[in-house]
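See below for the structure under consideration.
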Amino acid sequence: MKYDRMQKRNPRELIADEVHRLMPTLWDIALYLHEHPEQSGEEFQAQRLLVDFLQDQGFTCSLGVAELPTSFVAWSGPPRRPAVAFIAEYDALPGLGHGCGHNLIAASAVGAACALTNTVPKLRGQVAVVGTPAEESPKRCAKRKMLEAGVFAEIDVALMMHPSDRTTTMGRSLAMDSVLFRFKGKPAHASKYPYLGVSALDAAVLTFIAIEFLREHVRPDVRIHGIIIEGGLRPNIVPETAILEYMIRAEERFYLNQIRERIINCARAGALATGAEVEVLYEKGPDNKLLVPTLNTLLLEEAIKAGADQVMEPEEERGSTDFGDVSQHLPAATLKVAFVPPGCPGHSYEWVEAAKGERAKHAVRVASQAMAVTGYWLLTEEDLLAQVVGEFRKLKSAGTSR
Numbered sequence: 176m177k178y179d180r181m182q183k184r185n186p187r188e189l190i191a192d193e194v195h196r197l198m199p200t201l202w203d204i205a206l207y208l209h210e211h212p213e214q215s216g217e218e219f220q221a222q223r224l225l226v227d228f229l230q231d232q233g234f235t236c237s238l239g240v241a242e243l244p245t246s247f248v249a250w251s252g253p254p255r256r257p258a259v260a261f262i263a264e265y266d267a268l269p270g271l272g273h274g275c276g277h278n279l280i281a282a283s284a285v286g287a288a289c290a291l292t293n294t295v296p297k298l299r300g301q302v303a304v305v306g307t308p309a310e311e312s313p314k315r316c317a318k319r320k321m322l323e324a325g326v327f328a329e330i331d332v333a334l335m336m337h338p339s340d341r342t343t344t345m346g347r348s349l350a351m352d353s354v355l356f357r358f359k360g361k362p363a364h365a366s367k368y369p370y371l372g373v374s375a376l377d378a379a380v381l382t383f384i385a386i387e388f389l390r391e392h393v394r395p396d397v398r399i400h401g402i403i404i405e406g407g408l409r410p411n412i413v414p415e416t417a418i419l420e421y422m423i424r425a426e427e428r429f430y431l432n433q434i435r436e437r438i439i440n441c442a443r444a445g446a447l448a449t450g451a452e453v454e455v456l457y458e459k460g461p462d463n464k465l466l467v468p469t470l471n472t473l474l475l476e477e478a479i480k481a482g483a484d485q486v487m488e489p490e491e492e493r494g495s496t497d498f499g500d501v502s503q504h505l506p507a508a509t510l511k512v513a514f515v516p517p518g519c520p521g522h523s524y525e526w527v528e529a530a531k532g533e534r535a536k537h538a539v540r541v542a543s544q545a546m547a548v549t550g551y552w553l554l555t556e557e558d559l560l561a562q563v564v565g566e567f568r569k570l571k572s573a574g575t576s577r
């Protein structure tokens, strides 16, 4: 690895010093977001806070990109290649607030970007911060919309952090789709004339049972979870309407597509067996995440050098994130930084409390430094960037999520 000949010091040390200088402001940002939680699509205060800070640091910002009012993109200068983007998430959870630590993600993203550009103002490439709203609302697929709008077209690598009960890199995430089934039957008096009615609920229950039997005949990585949204109004009326909603997940998009069609066939069979009609409403969710080995290794090594603790092997991820869509288009990695004890679950009151504590502050410092130094190596070491891009292309050609 090269040294900064202009400063005669290791760039890691310079970036660490700049992160230390920025920390009071970064922590103020994290605490403000924690105290003013905003749900998906409503993050106007968060957007304004982050954009104001970046503009003060010399970034040029665009708000409301990709027809997402609370999104933003900030560049340290005119876009040029190579370019590294730091991803900010900042939405909160209904009823919980920042029980997923997105206040720390946002603070770390702007911290990494500013530490890097302030330390090395004449980089070979460019630095961006992409503000992605509504991560906690998978159906919005904000990052996919930003991809489709060309936000990532001039970006070579994307990095982000996520608070965790361990320090590691995020493992593979699952591709996800949502399917809603609306069954329509024919109402009738359930005691006097049941034979004149068509039960939409019967169709829904048969569908539910068929899907339960299907579970035995899919791969172990598949997750199928559904609820009955509507099943009738009164017991003495043959239900005219019934509604089911399912989320379906799998490690690979191509296999998820197959399972989704089999689940839809279960609904068609339930409708056929009862004489009901069924309307199928399908929403494509996030894609699975591609893992680029060299990028993940570099990011974790820098986190350890920055003082991260509770370093562990990646756990098996069984959730979904729209960052998976980004990883399907360019090399991307997520650094998970410990801020709670091992085994403490996300989306909990424990995380809400921890996200404003001293360990959370330490996580912001570690993540800001690790991502900034990783960004530095990617922008200054052409062979390293070529290796990362080569591994990504190999994964894409193999059609794998690993």
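Taken in order, the sequence shown gives residues 176 to 577; the numbers are from our numbering.
No residue lacks a Cβ here, since even glycine has one placed at the ideal position from N, Cα and C.
Predicted, not measured: the structure shown is a model, and the values here were computed from it.
| query | result |
| --- | --- |
| Segments of 4+ residues assigned as alpha helix (DSSP H) that fall wholly inside the stretch 476-540 | 498-502 and 524-529 |
| Coil, strand or helix - proline 308 by DSSP | coil |
| Given phenylalanine 388 as reference, the closest of Leu355, Cys441, Gly346 and Val295 once Cα atoms are compared | Cys441 |
| Whole-Å CB distance - isoleucine 423 paired with aspartate 352, under 8 Å assumed | 5 Å |
| Residue nearest to arginine 315 in terms of C-alpha spacing, selected from Phe498, Arg443 and Ile479 | Phe498 |
| Reduced DSSP secondary structure (H/G/I, E/B, other) of tyrosine 421 | strand |
| Helix, strand or coil at phenylalanine 234 according to DSSP, with G and I counted as helix | coil |
| Distance between valine 302 and isoleucine 330 (C-alpha atoms, nearest Å) | 9 Å |
| Bridge partner(s) assigned by DSSP for valine 455 | Phe356 |
| Proline 489 beta carbon near the ligand SAM (any heavy atom closer than 8 Å) | Absence of the ligand SAM is noted for the structure shown, with no ligands found whatsoever. |
| Nonlocal neighbours in the same chain, by C-beta distance under 7 Å from proline 468, ignoring five residues either side | Glu566 |
| Alpha-carbon to alpha-carbon, arginine 255 and glutamate 323 | 20 Å |
| Same chain, Cβ closer than 7 Å to alanine 545, five either side skipped, listed in chain order | Leu474, Glu477, Ala478, Ala481 and Leu510 |
| Glycine 272 in three-state terms, based on DSSP | strand |
| Any 3 or more C-beta pairs closer than 8 Å across the stretch 425-432 and the stretch 358-377 | no |
| Segments of 4+ residues assigned as alpha helix (DSSP H) that fall wholly inside the stretch 307-347 | 317-323 |
| With 16 other Cβ atoms within 10 Å as the buried cut-off, status of histidine 337 | buried |
| Residue from Leu554, Asp192 and Pro517 whose Cα sits closest to the Cα of threonine 343 | Pro517 |
| Rounded C-alpha distance that separates proline 414 from leucine 279 | 48 Å |
| Glutamine 230 classed as buried or exposed, judged by whether at least 16 other C-beta atoms fall within 10 angstroms | exposed |
| Complete beta strand (DSSP E) runs within the stretch 370-432 (minimum length 3 residues, chain order) | 398-405 and 416-425 |
| For alanine 363, the first and last residue of its enclosing beta strand (DSSP E) | Where alanine 363 is concerned, there is no enclosing beta strand (DSSP E), given that its DSSP letter is neither H nor E. |
| Distance CB(glutamate 264)-CB(proline 199) smaller than 9 Å | no |
| Valine 467 - DSSP class collapsed to helix/strand/coil | coil |
| DSSP three-state assignment for valine 295, whether helix, strand or coil | coil |
| The stretch 454-471 / the stretch 362-381 touching (three or more Cβ pairs under 8 Å) | no |
| Valine 563, enclosing alpha helix (DSSP H) - first and last residue | 557-573 |
| Counted within 10 angstroms of its Cβ, other Cβ atoms place threonine 449 as buried (16 or more) or exposed | buried |
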